[in-house]
Amino acid sequence: MKGEILSLVVLYLVITGTTVGLADEKSKEGSCVVNSEDNTTIKSEWGSCITTSIDTKANKLLLFVQNPSHQDIQNDRLVVGIDDRRVAAVSYNLSADERWTKTINVSRHLDVLKDNHTVTVSTYGNATQFNFTREIDASNTSLPKPHITDVRIAEGTIEDEPSSVAYVTIVNPSIQLYASKLMVHTEETDGSFYVPAVQPHESKTVKVELLDDRGERIAGEARLYTKNLSGEEGALDQVEFVGRAGENTTVWNESYEPVRGPWQEKNTYSYENETYSKSVEEKVSSYEVEGVPVVYVVAGLLGALLLARKLR
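In terms of our numbering, the sequence shown opens at residue 46 and continues consecutively.
Here it is as structure tokens:
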């Protein structure tokens, strides 16, 4: 029965450079073209021949399908998988001696967190597999993977309490679901952690709690990653931002910088921004003693001391 699960007999072909060219010569009656250094040919149980070749520099998979017999082939099928994810499934009919070609862009389907990649082409009763190595800079914004598109400073509530917040928008343009993590630091916030699972081709806005005073100008940075905050492996994106509730927030991209998480016992990371840091006067005026700004408390104490001296 043709609907039964494809039985995979995996043939390994390690690609170490650019391979080009597909067999285009007419094969002998009922037989497939012999494999070469540049391509691999597999034959379906229903008689069609599938010749595959991968160009690792152009990131293209080339498929050449033909019917080597003088009889029609009905309801044959091939499936393409990249990095353990199915990316194409084609059902087809072939008349006698008919052939067709198809090209698949490999790069848009690669898992950007892997260096070793696998492309598998399977059909009824047969399969072939290509393995190649490609180191990918996950922080490259031109690659289809989750990244931060916007940060907006606002005032909101966290657990029914008023708080400064940052609305961080993340988009996932890829076909993969990444187990992403979000960490936000500001001058007064030593790390707000969230786990935003953004589905493929969707976006999500996360409300992040900040410990900065409401109404103040807030500067900080947001990191998106999948593994450890303190390592470059699994890094996805990093942005820096500055803004105030009710005003526009300025956001710009930064190269990913690993830092120690707030759960570390020693040498935890604290965000600093010399350009947008509060002045000493702003920091002092933000502190309060029983609801009264500390600057007024200090002024009152100094005034009392001066009065006491005059009365002596």
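Idealized CB from N, CA, C, for every residue including glycine. As the structure is a prediction and not an experimental result, all values here were calculated from the model.
Residue burial classification, residue i (beta-carbon count within 10 angstroms, cutoff 16)
i: Asp117; result: exposed
i: Glu233; result: buried
i: Leu281; result: buried
i: Leu139; result: buried
i: Lys190; result: buried
i: Pro207; result: exposed
i: His192; result: buried
i: Thr173; result: buried
i: Leu256; result: exposed
i: Ser167; result: buried
Own chain, CB closer than 7 Å to residue i, minus 5 neighbours either side, in chain order
i: Lys249; result: Ile215, Pro241 and Val243
i: Tyr316; result: His230, Thr231, Glu232, Gly265 and Glu266
i: Asn150; result: Asn104 and Lys105
i: Lys88; result: Cys77, Cys94 and Asn171
i: Lys252; result: Gly201, Val210 and Tyr212
Residues near residue i in its chain [Cβ-Cβ closer than 6 Å; skip 5 each side]
i: Arg268; result: Met228 and Gln283
i: Lys226; result: Val240 and Tyr270
i: Gly126; result: Thr165
i: Glu277; result: Pro303
i: His115; result: Ala141
i: Ile203; result: Glu254
i: Arg122; result: Ser136
i: Ala224; result: Thr271
Paired residues, beta bridge with residue i - DSSP
i: Asp100; result: Lys105
i: His192; result: Val216
i: Tyr301; result: Beta-bridge pairing links Tyr301 to no other residue.
i: Glu266; result: His230 and Glu285
i: Glu206; result: Ile203
i: Arg197; result: Tyr212
i: Asp162; result: The sequence given here has His at residue 162, not Asp. His162 pairs with Phe177.
i: Lys147; result: Leu108
i: Lys249; result: Ile215
i: Asn171; result: Thr168
i: Ser136; result: Arg122
i: Tyr239; result: Leu227
i: Glu277; result: In the DSSP output, where bridge partners are listed per residue, Glu277 has none listed.
i: Val157; result: Bridge partners of Val157: none, in fact.
i: Lys88; result: Cys94
Nearest candidate by alpha-carbon position, reference residue i, set the options
i: Glu254; options: Gly276, Ile263 and Tyr321; result: Ile263
i: Val124; options: Thr313, Val135 and Ser219; result: Val135
i: Ile220; options: Pro245, Ser209, Val213 and Ala211; result: Pro245
i: Asp156; options: Trp91, Arg130 and Asp235; result: Arg130
i: Gly306; options: Phe286, Phe238, Glu319 and Glu261; result: Phe238
i: Tyr321; options: Pro218, Glu261 and Arg122; result: Glu261
Beta-carbon proximity list for residue i, same chain, < 8 Å, skipping 5 on both sides
i: Glu299; result: Glu266, Gln283, Val284 and Glu285
i: Tyr314; result: His230, Asp235, Gly236, Val304, Arg305, Gly306 and Pro307
Exercise for the section: State whether the stretch 88 to 96 contacts the stretch 107 to 127, with contact taken as three or more CB pairs (one from each stretch) at a distance under 8 Å. Expected result: Counting C-beta pairs closer than 8 Å gives three or more between the stretch 88 to 96 and the stretch 107 to 127, which meets the contact rule.
Exercise for the section: Mind the definition here: the stretch 291 to 308 touches the stretch 194 to 208 only if three or more C-beta pairs lie below 8 Å; say whether that holds. Expected result: yes
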